[in-house]
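Beneath this line is the structure, given in structure tokens, with notes to follow.
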Amino acid sequence: MRAVVFAYHNVGVRCIKVLLAGGVDIALVVTHQDNPDENLWFASVAELCRSEGIACITPPDANAPELLARLRAAGADALFSFYYRHMLPASILDLAPAYNMHGSLLPQFRGRAPVNWAVLHGASETGATLHAMTVKPDAGAIVAQTAVPILPDDTAFEVFGKVTVAAEQTLWGVLPALLDGSAPLLPNDLTQGGYFGGRKPADGRIDWTQPARQVYNLHRAVAPPYPGAFTELDGVTYVIQQARLSRLAPVALPPGLAVIDGAMVGVCGDGRMLAISSLHANGQPISASQLQDQLAACAGPLNSTQEKFI
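Each residue of the sequence shown is one higher than the one before, counting from 1 in full-length UniProt numbering.
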């Protein structure tokens with residue numbers, strides 16, 4: 001098989017390695033230029049291509065006419081997309097059978113940031129799905145998928161590590177069938193699950209009036225290396241770095257950040273708390289005593305999501 005691969009991120013690196021191990025001739029890799037404003041905690045597809053001697057390009061988008069010409073010249077038997085961030089137009093998908101690796105158990109959590117959304121919604125399971133590509137995202141027939149558990153305290157970063165391994169296992173297991181043309185095409189029931197959009201740092205704002213489980217799921221979904229769940233008070237932005245759902249009984253206190261018995265907590269709308277073990281204030285680590293001093297110094301009217309108490 002001669003293939004063209006669109007790839008980025010850890011899933012892109014691991015799945016390219018699977019194709020190489022399976023004897024696939026990779027004629028070209030299309031990836032992204034790294035964004036200097038992004039926290040690049042993941043592996044580089046471009047560096048992998050340099051080390052393996054694979055031709056690699058970084059066009060600004062997938063609709064450039066020169067890209068289509070380059071792809072036609074590659075003469076690929078198949079196209080693969082592994083966490084490439086741009087949608088591929090019909091003109092590209094018409095060149096050869098195309099397969100995408102998606103970070104969920106389709107048809108669940110279609111669209112952007114599937115791991116983060118799964119954690120945010122409190123899912124107990126997700127995985128990786130290889131599916132046939134169509135113009136409509138994540139809508140093609142399912143070729144293979146592998147499930148992984150989401151434990152109650154897993155962060156999205158931890159789950160993404162599991163999904164990366166699941167993607168590698170999924171591709172490795174079905175690659176022989178892809179090579180000999182016997183790979184299955186199973187129904188992808190779009191009446192189930194739903195589509196989700198991309199997430200921005202601003203989506204990590206905490207509404208302390210929500211139940212503690214929802215607030216905790218938000219923290220887990222955006223915890224570092226993602227931007228983090230945050231709250232603002234008197235011009236200070238507090239970002240939760242590490243927290244657990246407290247086992248203590250609910251308290252009759254207003255929602256928001258607090259210091260109780262020398263420990264930092266976030267009191268939620270149902271009275272349950274997040275036990276916060278690491279907190280940043282305007283980008284700097286802050287201790288429980290420092291937080292207590294800052295909360296004591298707060299002045300002015302408060303709203304429902306910015307309560308203070310000691």
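Glycine is no exception: its CB is placed at the ideal position from the N, C-alpha and C atoms.
This structure is a prediction, so every number in the text was calculated from the model and none was measured.
heavy atom of the ligand GDP below 8 Å from histidine 9 C-beta: Annotation note on the ligand GDP: not contained in the displayed structure, which lists no ligands.
When Ser246, Cys15, Ile150 and Ala7 are compared against alanine 167, the one with the closest alpha-carbon: It is Cys15.
Where tyrosine 84 sits in the DSSP three-state scheme: In the three-state reduction of the DSSP assignment, tyrosine 84 falls in the coil class, being assigned neither a helical nor a strand state.
Proximal residues to histidine 86 (C-beta, below 6 Å), its chain only, five neighbours per side dropped: Within the same chain, Asp61 and Ala62 come within 6 Å of histidine 86 by CB-CB distance, once the 5 residues on both sides are set aside.
Distance between beta carbons of glycine 204 and valine 222, contact taken as under 8 Å: Yes, they are in contact, since the Cβ atoms of valine 222 and glycine 204 sit about 4 Å apart, within 8 Å.
Own chain residues within Cβ distance below 7 Å of alanine 43, not counting five before or after: Here the set comprises Asn10 and Val13.
For alanine 118, the nearest candidate out of Pro137, Phe196 and Glu232 (CA to CA): Between alanine 118 and the set Pro137, Phe196 and Glu232, the nearest pair of CA atoms involves Phe196.
Distance between beta carbons of alanine 74 and leucine 28, contact taken as under 8 Å: Rounded, the Cβ-Cβ distance is 5 Å, consistent with contact.
Extent of the continuous alpha helix (DSSP H) run through arginine 213: Where arginine 213 is concerned, the enclosing alpha helix (DSSP H) stretches over 212 to 222.
Bridge partners - isoleucine 142, DSSP secondary structure assignment: In the DSSP output, where bridge partners are listed per residue, isoleucine 142 has His131 and Leu186.
Three-state secondary structure assigned by DSSP to arginine 199: Here arginine 199 sits in coil by DSSP.
Residues that phenylalanine 230 bridges to, as DSSP identifies them: Answer by DSSP bridge pairing, in chain order: Arg205 and Val239.
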